[in-house]
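*Asks:*
In the numbering used here, the protein residues as written are 982 to 1506.
(1) Give me whichever residues DSSP pairs with residue 1275 in a beta bridge.
(2) Using CA coordinates, which residue listed in 1033, 1265 and 1227 is at the minimum distance from residue 1245?
(3) Counting only beta-carbon separations shorter than 9 Å, does residue 1160 have a partner in chain D?
(4) Quick test of the definition: if touching needs 3 or more C-beta pairs under 8 Å, does the stretch 1117 to 1136 touch the stretch 1172 to 1182?
(5) Does DSSP put residue 1262 in a helix, in a strand, or in coil?
(6) Count Cβ pairs between the stretch 1422 to 1434 and the stretch 1229 to 1247 that sit closer than 8 Å; are there 3 or more?
(7) Determine the DSSP secondary structure at residue 1398, reduced to helix, strand or coil.
(8) Does residue 1011 come out as helix, strand or coil in the three-state DSSP assignment?
(9) Determine, using beta carbons only, whether residue 1420 and residue 1363 come nearer to each other than 9 Å.
(10) Determine the contact status of residue 1488 and residue 1226, defining contact as a CB-CB distance below 9 Å.
(11) How is residue 1491 classed by DSSP in three states: helix, strand or coil?
(12) I need the boundaries of the beta strand (DSSP E) containing residue 1318, first residue and last residue.
(13) Looking at the strands, I want to know which residues DSSP matches up with residue 1298.
(14) Over the uninterrupted alpha helix (DSSP H) stretch that includes residue 1341, give me the two end residues.
(15) My understanding is that residue 1510 touches residue 1230, with C-beta atoms under 8 Å, so please give their C-beta distance in whole angstroms.
(16) Mind reading off the beta-carbon distance from residue 1210 to residue 1221? Whole number of angstroms is fine, and I expect it under 8 Å.
(17) Could you give the C-beta distance for residue 1480 and residue 1223, rounded to a whole number, given that I count them as a contact under 8 Å?
(18) Express the C-alpha separation of residue 1121 and residue 1113 in angstroms, rounding to a whole number.
(19) To which residues of the same chain is residue 1218 closer than 7 Å at the C-beta, ignoring the five residues directly before and after it?
(20) In this structure, does DSSP put residue 1100 in helix, strand or coil?
(21) Once the 5 residues before and after residue 1295 are set aside, which same chain residues still bring their CB inside 8 Å of it?
(22) Around the C-beta of residue 1102, are 16 or more other C-beta atoms found within 10 angstroms, so that it is buried, or is it exposed?
(23) From this set, 1212, 1161 and 1200, which residue's C-alpha is nearest residue 1173's C-alpha?
(24) Count the other C-beta atoms from every protein chain shown that fall within 10 angstroms of the C-beta of residue 1475, then say buried if there are 16 or more, exposed otherwise.
(25) Please report the distance separating the alpha-carbon of residue 1448 from that of residue 1441.
(26) Flag this pair as yes or no: are the beta carbons of residue 1261 and residue 1287 separated by less than 9 Å?
(27) Could you pull out every residue in the same chain whose Cβ sits closer than 8 Å to the Cβ of residue 1407, ignoring the five residues on either side in sequence?
(28) Assuming residue 1383 is part of the alpha helix (DSSP H), what are its boundary residues?
(29) Whose CA, out of 1273, 1274, 1267 and 1328, lies closest to the CA of residue 1300?
(30) Going by beta-carbon coordinates alone, are residue 1201 and residue 1458 separated by less than 9 Å?
(31) Does the Cβ-Cβ distance between residue 1416 and residue 1344 come in under 9 Å?
(32) Give the DSSP bridge partners of residue 1250, in chain order.
(33) Within this structure, are the beta carbons of residue 1289 and residue 1310 separated by less than 9 Å?
(34) Among residues of its own chain, excluding the 5 on either side of residue 1486, which ones have a beta-carbon nearer than 8 Å to its beta-carbon?
(35) Return the first residue and the last residue of the alpha helix (DSSP H) that residue 1187 is part of.
(36) CB residue 1469 to CB residue 1248, shorter than 9 Å?
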């Protein structure tokens, strides 16, 4: 009995060991599943937070304010007792105003501005017989002055047929010598009937006033002139060809400046061979150091080949966003990368709802950096003076911000909005701070974005380019029209005169026909 009891006990112990091992395995399996579920939950929560953040950005872009102004002033220094983290950079309280650098002061709404040289028509209202006589004594009243009321009227633009008359000359004694007729003056379109003013109007209306050709055709039809849309398309094509030497000179001047800013935007291009009937093309802008040096280029895709082709042989600074297509341009050191602080700031503004504390500190520091730039502009500082000011004030502030962000980076999720903002700032630290080293450079690339805004507004109206050749024509004409816009020059007056002079201007003097050269001539008159 004792031996049987011992055997049964040993068998029971073995059974319990097996059950215990099974239970352990089941527990470990459940624990593993729980850990997996926790990870999946965390990932889903992160995706949900990212989706909600994107939704918030889309709603803000659709209905919210476009300004990136932040009104708050976070408390400094950043709290922390145990690990003594890097303190946030010290900044002075910024003035309560827009800190984005703006090239022109905004006009007050509701103010009508009239040019002093507008033609005037004098309409005199004669008093009636009763008004001429005094009701008291019946004597005739004497004029002692006049009261003038100004009314602004409008007369639609009118078409004029210009007749070019050329006398036919013949010698009565030698009629066999034939008839002599003076040569026609040069015209932009050799066999076309459109004069320079009409061509300038069509181009200005499309690329500055954003009127598609079919709308222009309707306007002209109401004025009694029937012009086919296809005919105007041919005119635009021919004008772009005629003006291409001027655009080539703009490119030469922009690249010779040693400081180029660039940006790009997509446009729709019709393509019958494409399954969808259209594809995406891109317009790129390249701005020289001087106002008015504005070059647009069209590419069928967004590869690095476009910038590499336009910037071939260029040496100097290139300010752009962090698009990877530019990276190959910086490898040999010939082109030096300059970052855009507005892109970095925008990421912190977008992260404000998710992490308001860190975002507010970063935005406030960036506001102070912009305040230094605004002060330099208001004082009219030279490039060397701006460099000295930046070295003294901007450099310490920028370094403090980057050091603090480096310490905070480990405390945030890399894929969160604030994590992406911090990562962008630190990855491009050298490029973003490069403007501090050179007084010619700007803190951001907003000038390029303002130039691209002309394309963005036009794109909502003309919707698409008819072909890749149409995209190239648009790039040619935008180069001159947007250059005029930068200089505050009327593109119609510019294009009309340039089209008149182009045929008689030697290639050695083509620089006089660029928007900047033409504006300088007009200012000297």
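Heads up, the beta-carbon is just placed ideally off N, CA and C, and yes, glycines get one too.
*Replies:* On the basis of the supplied data:
(1) 1268
(2) Distance check between residue 1245 and each of 1033, 1265 and 1227 places 1265 closest, using alpha-carbon atoms only.
(3) Reference to chain D is not applicable here, since this structure consists of a single protein chain.
(4) They do not touch, by the three-pair rule.
(5) strand
(6) yes
(7) helix
(8) Looking at residue 1011 - three-state DSSP - the assignment turns out to be helix.
(9) yes
(10) yes
(11) helix
(12) 1316 to 1319
(13) Note: residue 1298 sits in a beta bridge opposite 1240 and 1317.
(14) 1337 to 1359
(15) Within the shown structure, residues of the chain are numbered from 982 to 1506, placing residue 1510 beyond reach of any answer.
(16) Residue 1210 to residue 1221, Cβ: 17 Å. No contact.
(17) Yes, residue 1480 and residue 1223 are in contact; Cβ-Cβ is about 7 Å, under 8 Å.
(18) 6 Å
(19) 1454
(20) coil
(21) For residue 1295, the CB contacts under 8 Å within the same chain, skipping 5 residues up- and downstream, are 1236, 1241, 1315 and 1316 in chain order.
(22) exposed
(23) 1212
(24) buried
(25) 17 Å
(26) Cβ distance not < 9 Å, so residue 1261 and residue 1287 don't count as in contact.
(27) If you ignore the 5 residues before and after residue 1407, its C-beta comes within less than 8 Å of the C-beta of 1383, 1386, 1387 and 1390, all in its own chain and listed in chain order.
(28) 1376 to 1389
(29) 1267
(30) Cβ distance not < 9 Å, so residue 1201 and residue 1458 don't count as in contact.
(31) no
(32) 1260 and 1446
(33) Yes, these two residues count as a Cβ contact at 9 Å.
(34) 1493 and 1494
(35) 1177 to 1188
(36) At a Cβ-Cβ threshold of 9 Å, residue 1469 and residue 1248 do not count as neighbours.
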